[in-house]
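Enquirer: Here it is, the structure in full.
Number of protein chains: 2
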Amino acid sequence: MSANLDRRSMLALASLAAAGAALPAGAQQVPADHMRHMTSVPEGAPKVGLLTFPNMVALDLIGPLTVFRILRCETHLVWKDLTPCPTDAGIAVAPDMTFDDCPADLDVLFVPGGTIGTTACMTDPEVLDFVADRGTRARWVTSVCTGSLVLAAAGLLRGYDATSYWAVADLLPLMGARHVPGRVVRDRNRLTGGGVTAGIDFGLTLAAEMMGEEAARRVQLVLEYAPEPPFRNGTPEEAGPERTAAMKAARAGMDDAARRAAMAAGRRLGL
Amino acid sequence: MSANLDRRSMLALASLAAAGAALPAGAQQVPADHMRHMTSVPEGAPKVGLLTFPNMVALDLIGPLTVFRILRCETHLVWKDLTPCPTDAGIAVAPDMTFDDCPADLDVLFVPGGTIGTTACMTDPEVLDFVADRGTRARWVTSVCTGSLVLAAAGLLRGYDATSYWAVADLLPLMGARHVPGRVVRDRNRLTGGGVTAGIDFGLTLAAEMMGEEAARRVQLVLEYAPEPPFRNGTPEEAGPERTAAMKAARAGMDDAARRAAMAAGRRLGL
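So the sequences go chain by chain: A and B. Residues in the first sequence are numbered consecutively from 1, following this note's numbering. Residues in the second sequence are numbered consecutively from 272, following this note's numbering.
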């Protein structure tokens, strides 16, 4: 019932916006032909399911998604429902497939990060059941940033090397994973990346594993990926203890919630 | 202000819903409180207008947008109307402000890239008038990837050093700019970045210019930006002549259209 009401109020907002010239006539004009062109995938392309949840970090998703699409994979933004998800970037990203409709056998299961969003996932049985189910059969079980905490909470990293966002990577062992330093960490078919911008390094590494080094190099040239950071400040080691402590302090509430979720997941996993 | 921003978030969601049709059960779960928290900006924050157009490259926009939001800038995704824009990543990004409503005096005018999208912008008088108008007064006139071709077509790079996406950077001189090699090129208040992934290097460089090195370093740690590309293949020089020629061939139609648009713009500018 409240779902109905809310859908109605969203649509009312849309028509209000239209009346105020904000939403123009032609909102339907998203050029479907172009989209179809861009989303065409060859027969037999790898099937990639990307978990798409509220309060994720947009870059965590869109970096790897861009790599998968240049590789012409079959990509699915998967969630419980198709409600657009708010992100840190202020844009909403709409899932395009529900859990029920997601292919049973994925070539890649991918989970992006965003601490608030992943903490909610770590305590949501419906999400964990989906992740555990697809992760058990996927050829590659993967994440960037705090996404690895969701994989771990679903039991998929027990006895595996893995990494995560620097501020919460110490939570991995609470769920049976070994935290290994590294921008991208591979252990058998688990491939986990560090925080946010590691999504490109992760994507290229996975591209090479799945489709060969030449395919990965092609993606790298398309993305003009020859980074030149103006500072060395991307890790706690580079930033130094003072800057790191200040940021940990600013994140304390968020990270405490993640820790509680990790401890609860560890208990569920019998650890 | 926060009421205003929250209304924008709702409109973005509503217009996505209008374009994408199905708003499923559960639409009530968009956590409005969280959005309000994440979109709050302090009084006097820099005003950033980001051109948001159909067929842009999502990463070109979302990399710099993420940096601006961590800096708590007042960000506006600006376009003719609020119709969600299709992107290369298969997600639609909804503008949240029309040209008419965009502040007259921006601290930053930013144009992302995506060759098909920017070529359309380069031949659209309404877009060029807007870019030229805001660019004349903005404190910083900026771009990533092929976005610099739009700045140039609007006459904003005449007599300036600039860069662009590697495959089309040779078009800049047709519109009176000097093409200078570099990941991020600054000339007075013009700051242009190279292709796609250069958006993070660009964003950190601009962050340091606007808000000081410590602020930029903070952003870098938030984004865990300590890149480790698995290959050296991000520029034509790194990729070598064979791979570069293959990619130029695959892009020929797109790049020809961009060249014609650049030549037409040059004629309009009296060059």
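Here a beta-carbon is modelled for each residue, glycine too, at the ideal position from N, C-alpha and C. As the structure is a computational prediction, the values presented were derived from the model and not from experiment.
1) Here's the rule I'm using: 16 or more other beta-carbon atoms within 10 Å means buried, otherwise exposed. How should S40(A) be labelled?
2) So, under 8 Å CB-CB, C356(B) and T323(B) are touching, yes? Tell me the CB distance rounded to an integer number of Å.
3) Quick one: measure Cβ to Cβ for A162(A) and D133(A), integer angstroms, because I've assumed they're closer than 8 Å.
4) Note down, one range per segment and in chain order, each beta strand (DSSP E) of at least 3 residues found wholly within the segment 85-137 of chain A.
5) State whether the segment 505-516 of chain B contacts the segment 364-380 of chain B, with contact taken as three or more CB pairs (one from each stretch) at a distance under 8 Å.
6) So what does DSSP say about T515(B), is it helix, strand or coil?
7) With a threshold of 8 Å between beta-carbons, can F502(B) be considered close to chain A, or not?
8) Between W411(B) and chain E, is any beta-carbon pair separated by less than 8 Å?
9) With 7 Å as the C-beta to C-beta threshold (strictly closer), list the residues of the segment 148-167 of chain A near chain B in chain order.
10) On the three-pair Cβ rule with 8 Å, is the segment 467-480 of chain B touching the segment 168-186 of chain A?
11) Would you list the residues sitting across from A162(A) in a DSSP beta bridge?
12) What separation, rounded to the nearest whole angstrom, lies between the Cα atoms of G114(A) and G194(A)?
13) Please list, in chain order, the chain B residues whose beta carbon lies closer than 8 Å to that of D201(A).
14) Below 7 Å CB to CB, which residues in the same chain sit around N189(A) once its five sequence neighbours on both sides are set aside?
15) Quick check: is the beta carbon of R457(B) nearer than 8 Å to any beta carbon in chain A?
16) What is the residue span of the beta strand (DSSP E) that D170(A) lies within?
17) At a Cβ threshold of 8 Å, is R343(B) touching chain A?
18) Anything in the segment 382-402 of chain B with a Cβ closer than 7 Å to a Cβ of chain A? List those residues in chain order, please.
19) Tell me whether T205(A) sits in a helix, a strand or coil according to DSSP, three-state version.
20) Could you give the first and the last residue of the continuous beta strand (DSSP E) run that contains N311(B)?
21) Just to confirm my understanding: we take P64(A), look at its own chain, exclude 5 residues before and 5 after, and list those with CB closer than 7 Å. What are they?
22) Quick test of your reading: M254(A) and I62(A), contact by CB under 8 Å. State the CB separation rounded to the nearest angstrom.
23) With distances taken from CA atoms, which of E314(B), D352(B), V490(B) is nearest F401(B)?
24) Given that M56(A) touches chain B, what residues does it touch there, using C-beta distances under 7 Å?
25) Between the alpha carbons of K519(B) and G406(B), how many angstroms are there, rounded?
26) Along the beta strand (DSSP E) that carries G464(B), what are the first and last residues, could you check?
27) Note down, in chain order, each residue of its chain lying with its Cβ closer than 8 Å to the Cβ of M534(B), except the 5 sequence neighbours on either side.
28) In terms of alpha-carbon separation, which member of D331(B), P313(B), G361(B) lies closest to R343(B)?
29) Please tell me whether A261(A) has its Cβ less than 8 Å away from any Cβ of chain B.
30) Just checking: is the beta-carbon of R307(B) within a distance shorter than 8 Å of some beta-carbon in chain A?
31) Which chain B residues sit within Cβ distance under 9 Å of L51(A)?
32) Excluding sequence positions up to five away, which residues of its chain have a Cβ less than 7 Å from the Cβ of A58(A)?
33) From the DSSP secondary-structure annotation, give me the bridge partner or partners of D458(B).
34) Go through its chain and collect everything with a Cβ distance to D96(A)'s Cβ below 6 Å, but skip five positions before and after it.
35) Tell me, which residues are paired with E74(A) by DSSP?
Expert: Per the coordinate set shown:
1) The count along the first sequence starts at 1 and reaches residue 40(A) at position 40. Exposed, by the Cβ-count rule.
2) Position 85 of the second sequence, counting from 1, holds the residue named residue 356(B). Position 52 of the second sequence, counting from 1, holds the residue named residue 323(B). With a Cβ gap of about 6 Å, C356(B) and T323(B) count as contacting.
3) Taking the first sequence and counting its residues from 1, one reaches residue 162(A) at position 162. Taking the first sequence and counting its residues from 1, one reaches residue 133(A) at position 133. Rounded, the Cβ-Cβ distance is 20 Å, inconsistent with contact.
4) 108-111
5) no
6) Reading the second sequence from its first residue, position 244 is the one you call residue 515(B). It is helical.
7) Here the question's residue 502(B) lines up with position 231 in the second sequence. Interface residue, yes.
8) Among the protein chains of the structure shown, namely A and B, there is no chain E.
9) Y165, W166
10) no
11) Against the first sequence, residue 162(A) aligns to sequence position 162. Beta-bridge pairing links A162(A) to H179(A).
12) Here residue 114(A) refers to the residue found at position 114 when the first sequence is read from its first residue. Here residue 194(A) refers to the residue found at position 194 when the first sequence is read from its first residue. Taking the straight line from one Cα to the other gives about 12 Å.
13) As a working note, residue 201(A) is residue 201 in the first sequence. Near D201(A) (Cβ distances below 8 Å), the residues of chain B are P498, E499, P500, P501.
14) For the purposes of this step, residue 189(A) is taken as residue 189 along the first sequence, with counting starting at 1. Closer than 7 Å at Cβ, skipping near neighbours: R139, W140, V141.
15) The residue labelled residue 457(B) in the question sits at position 186 within the second sequence. Chain A, which has no Cβ nearer than 8 Å to the Cβ of R457(B), makes this no.
16) In the first sequence, counting from the first residue as 1, residue 170(A) sits at position 170. First-last for D170(A): undefined, no H or E at that position.
17) Within the second sequence, the letter at position 72 stands for residue 343(B). No, R343(B) does not count as interfacial toward chain A.
18) none
19) Counting from one through the first sequence, the residue named residue 205(A) turns up at place 205. Three-state DSSP puts T205(A) in a helix.
20) On the second sequence, residue 311(B) is found 40 positions in, with the first residue counted as 1. The amino acid at residue 311(B) is misidentified as Asn; the sequence shows Ser. Note, S311(B): premise wrong, no beta strand (DSSP E); not H, not E.
21) Position 64 of the first sequence, counted from the first residue, corresponds to residue 64(A). So the qualifying residues of the chain are F110, V144, G199, F202, G203.
22) What you label residue 254(A) is simply residue 254 of the first sequence in a count that begins at 1. What you label residue 62(A) is simply residue 62 of the first sequence in a count that begins at 1. Wrong, their Cβ atoms sit about 22 Å apart, outside the cutoff.
23) Position 130 of the second sequence, counting from 1, holds the residue named residue 401(B). The shortest Cα separation from F401(B) among E314(B), D352(B), V490(B) belongs to D352(B).
24) Here residue 56(A) refers to the residue found at position 56 of the first sequence. Within chain B, no residue comes near M56(A); the closest Cβ sits about 12 Å away, beyond 7 Å.
25) As a first step, residue 519(B) must be located in the second sequence, where it is residue number 248. As a first step, residue 406(B) must be located in the second sequence, where it is residue number 135. Computed Cα separation, rounded: 31 Å.
26) For this step, residue 464(B) is matched to residue 193 along the second sequence. Residues 461-464.
27) As a first step, residue 534(B) must be located in the second sequence, where it is residue number 263. L445.
28) By one-based count along the second sequence, residue 343(B) stands at place 72. Answer by Cα proximity: P313(B).
29) Translated into positions along the first sequence, residue 261(A) becomes position 261. Not closer than 8 Å to any Cβ of chain B, the Cβ of A261(A) fails to qualify, so no.
30) As a working mapping, residue 307(B) is identified with position 36 in the second sequence. For R307(B), the predicted model reports a pLDDT of 40, less than 50, meaning its position is unreliable; a value from the coordinates is still stated below. No, its Cβ sits nowhere closer than 8 Å to a Cβ of chain A.
31) In the first sequence, residue 51(A) corresponds to position 51, counting from 1. Going along chain B, no residue has its Cβ under 9 Å from L51(A), so there is no contact; the nearest lies around 14 Å.
32) Here residue 58(A) refers to the residue found at position 58 when the first sequence is read from its first residue. Counting only Cβ-Cβ distances below 7 Å, and skipping sequence neighbours, we find T87, D88, A89, I91, V93.
33) Here the question's residue 458(B) lines up with position 187 in the second sequence. DSSP, once it has assigned bridges, lists R461(B) as partnering D458(B).
34) Position 96 of the first sequence, counted from the first residue, corresponds to residue 96(A). Around D96(A): L77.
35) As a first step, residue 74(A) must be located in the first sequence, where it is residue number 74. K47(A).
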